[in-house]
Amino acid sequence: MTQSMFSKQFLSTLCLIGAALIWGTAFVAQTTGMEFVGPLTFTNIRFIIGGLLVLPFAIKEIPRFNNLIKKKRLIVVILLTGFCLLMGSYLQQYALQYTKIGNAAFLTILYVPFVPIISRFFLKKKIHWSIWVSVSICLIGSYYLTIDSSFEAQFADFLVVICALFFALHCILIDEYFEIVDAPFSLATAQFLLCFFYSLPLMFIFENPTIDGILKESFELLYVGVMSVGIAYTLQVIGQRFVKPSTAAITFSLEGVFGALAAWIILSQILTTIQIFGCFLILLGVLAAQLIPLFSKGAASNRYYSD
C-alpha cells in the first residue's frame, strides 16, 4: 500500500467515525426535540432541511441521468429507498419518546446483520454461516437490553427493531441504485425530499404542527437536519470511497456506543449492568457479522455471502 493510499484510507476512516459520532449524538437532539412537536413533524422538518442542504451537489450530477430518466427500475428503487428511510427514521423517532437512547442506539445497529438475512430470503443469496451466529448473539443481547424495561418501553424497543429492518432494506436498495447510476448526491437529495413529501400529509392528519412549536425546537431540528441528515451522509459518501465495506460497517457500529455515551453525559441516562451486558452482546454480534467472514476461506471478496 502506498503512503498516498494509506493517507486516503486514514482520512476516510476519520470521515466515517465523524458520521457515526454525529448520528450517535443526534439521538439526544431527537429526544429533546419533541417537547413542542410530534415525531412525524420532527422527521418531516429534518429531511427538508437535509434535502435542501444536499440539493446543490445533486444538481451537478444531472448529466449522469440523460439516458436513464425514463428507466422504470431506477424510479421504483428511488421511491422505495425514500419510503424505507422514512419508515426507519419515523419508527426510531416515535420510539425515543418511550425508551432510553442507549436502547434505541444499540437496537438500531441491528441493521448490519439484518442486511444479509434479508438478502438471503428475498434475493436468494447464500450467506456466510457466521451471520446466523451473529443474529443469535444480537437476539440474546436484545433480550438483556430490554428485560428490565416496562411494557411501554419494550414495545418502543420492538419498534426500533422494526426500524432496523427498514434501514437494512434501505441499504440493500442503495446497492440496487448504484448498479444503475453513480450519482450519490442525487439519491441523497431524492430520498430526503421523498421523506418530506411522504410524511407531509400524515403530519397534518395525525399531529397538530405549529410554527411556534417548530421554532421552539429549531436548535434540535437544525442539528439533526444539517448535521445528521446533511453532513453525516456527505461524510459517509466521502469516507466509503477508499474504505472497505466491512470497515465502514464496523465503524458505523460505533453509533450505538456514541449514542449511549451522549445520553449518559448530556441527559444523565444510565443503563443498568444487565442492559450494558446486552449492549455488549449486540456490538459483539454486529462485529462478528463483519469480521468472521473476512478470515474464512473464499469470503475475502464479500463479507456477507458465501460461495
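Take 142 as the starting number for the sequence shown in this note's numbering and just add one per residue. Just so it is clear, CB atoms sit at the ideal spot from N, CA and C, and this is done for glycine as well. All figures in this text were calculated on a predicted structure; none of them were measured in a lab.
- Judged by DSSP in its simplified three-state form, Ile268 adopts strand.
- If the five residues before and after Val367 are omitted, its C-beta is found closer than 8 Å to the C-beta atoms of Ile190, Gly191 and Leu194, all from its own chain and listed in chain order.
- In the three-state DSSP reduction, Lys201 falls in the coil class, being neither helix nor strand.
- Pairing Val378 with Pro325, the inter-Cα distance amounts to about 7 Å.
- Distance from the CA atom of Ile288 to the CA atom of Gln295, rounded to whole angstroms, is 8 Å.
- Shown here, Asn207 sits in coil according to DSSP, grouped into three states, outside any helix or strand.
- Burial check for Gln238: the Cβ neighbour count within 10 Å stays below 16, so the residue is exposed.
- Scanning its chain for C-beta atoms nearer than 6 Å, with the 5 sequence neighbours on each side dropped, one finds around Ala297 the residues Ala236, Tyr239 and Thr240, in chain order.
- Between Asn244 and Leu286, the beta carbon gap of about 6 Å places them in contact (Cβ cut-off 8 Å).
- Only residues of its own chain outside the window of five on either side were considered, and among them Leu314 have a CB closer than 6 Å to the CB of Leu221, listed in chain order.
- Between Arg205 and Asp323, the CB-CB gap stays under 8 Å.
- With a cut-off of 8 Å on Cβ pairs, the segment 269-278 is not in contact with the segment 224-231, counting fewer than three such pairs.
- Ala199 sits close to Thr330, with the two beta carbons spaced by under 8 Å.
- Secondary structure note for Gly371: it is in no alpha helix (DSSP H), with a DSSP letter that is neither H nor E.
- If only uninterrupted alpha helix (DSSP H) runs of at least 4 residues are considered, those enclosed by the segment 213-294 are 213-236, 242-249, 252-263 and 271-287.
- Separation of the CB atoms of Ala401 and Pro254 is rounded to 19 Å, and the pair is thereby denied contact status at 8 Å.
- DSSP places Ala324 in no alpha helix (DSSP H); its state is neither H nor E.
- Cβ neighbours of Tyr374 within its own chain (closer than 6 Å, five residues either side excluded): Ala329.
- Exclusion of the five residues before and after Phe177 leaves Gly354, Lys357 and Glu358 as the residues of its chain whose Cβ lies within less than 6 Å of its Cβ.
- Taking each of Leu362, Trp273, Leu232 and Phe383 in turn and checking the Cα distance to Leu306, the smallest one comes out for Leu232.
- In the three-state reduction of the DSSP assignment, Ser409 falls in the coil class, being assigned neither a helical nor a strand state.
- About 6 Å separates the Cβ atoms of Gly174 and Leu362, confirming a contact at the 8 Å cut-off.
- The C-alpha of Phe360 lies about 19 Å from the C-alpha of Phe337.
- C-alpha of Leu264 to C-alpha of Ser409: approximately 43 Å in a straight line.
- Straight across, the Cα-Cα distance linking Cys304 with Lys149 is about 33 Å.
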